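Since the structure comes first, as structure tokens, the remarks are kept for the end.
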Amino acid sequence: MIGVTLLGATGSIGVSTLDVLARHADRFQAVALTANRDAERLAEQCRQHRPKFAVMADADAAMRLRDLLADMPQRPEILSGVEGLEQVAALPEVDYVMAAIVGAAGLRPTLAAARAGKRVLLANKESLVVAGALLMEAVAESGAELLPIDSEHNAIFQCLPPNFTDGLPKVGVKRILLTASGGPLRDWPIERLSAVTPEQACAHPTWAMGRKISVDSATMMNKGLEVIEACWLFGTDTDHIQVVVHPQSVIHSLVQYEDGSVLAQLGNPDMRTPITHAMAWPERLDSGVAPLDLFAVARLDFQEPDLMRFPCLALAFEAARLGGTAPAVLNAANEIAVAAFLERQIDLPGIAAVVSETLQTLPNESVQGQGLEFLLDVDQRARDCAERLARERAI
Ligand code: NDP
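Residue 1 is where the sequence shown starts when you use my numbering, and the numbers rise one by one after that.
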């Protein structure tokens, strides 16, 4: 049996992962499930999947979970706080850790899993954006496996040869073509973007996801974060990554080789495919996803991204080129701005404005030789700055 810790069990990726676990109960066992505040949902999941540990990041929610599970026979040990998350990410009986917490909050437990040499199934792209060097170093030192869950990165991983870690030029790769759906605002009149509501921004045409990543898809910051994630995962730079808008979300990304070949991975837009791929790798297992019907898809379209409409994508490319603390600042400012937009405190164009001004306000510092505490401090300073800027832009 393969022991699995599922960080972010109550979220969109978490629920899809539990579906995959349940389909292959003869192979995978949930050892620990975690959430932030949704004790009710985690309690239901604990009754169904019977983990040894359950962690609520929020201490009050952990008390609620204790009450909710009081009558459960062989109830899980209940932990709380980021220390609890780190503990279950590094348990000796755990082989795989699904990192599916949203935002920089996922960094410490993801790093703990990498340092403990686990197979890390990485959905939490923000960890790599904030602390790419640190995380990749931890993976190399401990011998952990880092497998991408983001559908695009999982597709790229599938299109690369096994020895891609020798360097992309060495294995004949010319560039990565990272696809993007363009989100719900791809054709929205540009002059009306300030009227977009959180509901409209979260109504993604092809993917059902959590609210933060849905807004990131609407602004295309998600693609920007993914560009930075791809640079770390595949050891490349922004000059070798092209973003391609592909509204049908059937091709999940492509790899272009020196000889003119372009390899792509296709599939229905359902996260259970990359989740199952990464859990079964190098084998293949049933994911429960319906087979792709190319006749129903009928056509595949491609466009260049419009950087006037999506300034967040340009900001992320810029932060990736700058390096240093810029990606961490970009991420923190974005998290604050997206939360403010979801609370209807700023309008949608305000997200890019807050991120851009935060990047201009804070100095870009080198991360060479710096540890986690330094990055967490940068993250906090960027959050404070972005909060002030968001208040100034309040609608
Ligand atoms: P959701 O918002 O649906 O779920 C987030 C999960 O993280 C929940 O379990 C939530 O708990 C938990 N959580 C939130 N804040 C904290 C915190 N401070 N400490 C500990 N746990 C916390 O997000 P998604 O599942 O959509 O996304 C998760 C990650 O996967 C993100 O990084 C996203 O970018 C990435 N991803 C998601 C995809 C998708 O299809 N959804 C596709 C590709 C990548 P609670 O329920 O208690 O709030």
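In this text, a Cβ means the ideal position worked out from N, Cα and C, and glycines have one as well.
Just so we're clear, the structure is a prediction, and the values are computed from it rather than from any experiment.
Range covered by the beta strand (DSSP E) that runs through residue i
i	result
residue 395	From DSSP, residue 395 is part of no beta strand (DSSP E); its letter is neither H nor E.
residue 145	145 to 148
residue 2	2 to 7
residue 242	241 to 245
residue 227	That residue, residue 227, is in no beta strand (DSSP E); its alpha helix (DSSP H) goes 221 to 234.
residue 120	119 to 122
Exposed unless 16 or more other CB atoms sit within 10 angstroms - verdict on residue i
i	result
residue 216	buried
residue 256	buried
residue 51	buried
residue 366	exposed
residue 272	buried
residue 120	buried
residue 274	buried
residue 371	exposed
residue 368	exposed
residue 302	exposed
residue 110	buried
residue 354	buried
residue 290	exposed
residue 351	buried
residue 70	exposed
residue 170	exposed
residue 150	buried
residue 295	exposed
residue 311	buried
residue 45	buried
residue 172	exposed
Whole-Å CB distance - residue i paired with residue j, under 8 Å assumed
i	j	result
residue 179	residue 251	5 Å
residue 248	residue 300	6 Å
residue 364	residue 130	Going by Cβ atoms, the distance from residue 364 to residue 130 rounds to 14 Å, so no, they are not a contact pair.
residue 285	residue 49	Between residue 49 and residue 285 the Cβ distance is about 18 Å, and since that is not below 8 Å, they are no contact.
residue 14	residue 95	So it is not a contact: roughly 18 Å between Cβ atoms.
residue 6	residue 34	7 Å
residue 348	residue 225	The Cβ separation is near 17 Å, so there is no contact.
residue 358	residue 382	6 Å
residue 220	residue 183	7 Å
residue 76	residue 53	5 Å
residue 196	residue 188	7 Å
Boundaries (first-last residue) of the alpha helix (DSSP H) holding residue i
i	result
residue 348	348 to 361
residue 113	107 to 115
residue 12	12 to 23
residue 455	Shown here, the chain extends from 1 to 395; a query on residue 455 therefore has no answer.
residue 129	125 to 142
residue 34	Run containing residue 34: none in the alpha helix (DSSP H); it sits in the beta strand (DSSP E), 28 to 35.
residue 303	No alpha helix (DSSP H) contains residue 303, which DSSP labels as neither H nor E.
residue 297	294 to 297
residue 168	Looking at the DSSP string, residue 168 is not in any alpha helix (DSSP H), and its letter there is neither H nor E.
residue 94	Unbroken run through residue 94: none, as it is neither H nor E.
residue 272	272 to 280
residue 199	198 to 202
Coil, strand or helix - residue i by DSSP
i	result
residue 49	helix
residue 252	strand
residue 366	coil
residue 155	helix
residue 88	helix
residue 179	strand
residue 68	helix
residue 74	coil
residue 345	coil
residue 374	helix
residue 308	coil
residue 262	strand
residue 186	coil
residue 174	strand
residue 42	helix
residue 209	coil
residue 289	coil
residue 102	coil
residue 54	strand
residue 160	coil
Neighbour flag for residue i against chain B, beta carbons, 8 Å
i	result
residue 151	Going by chain labels, chain B is absent from the structure shown, which holds only one protein chain.
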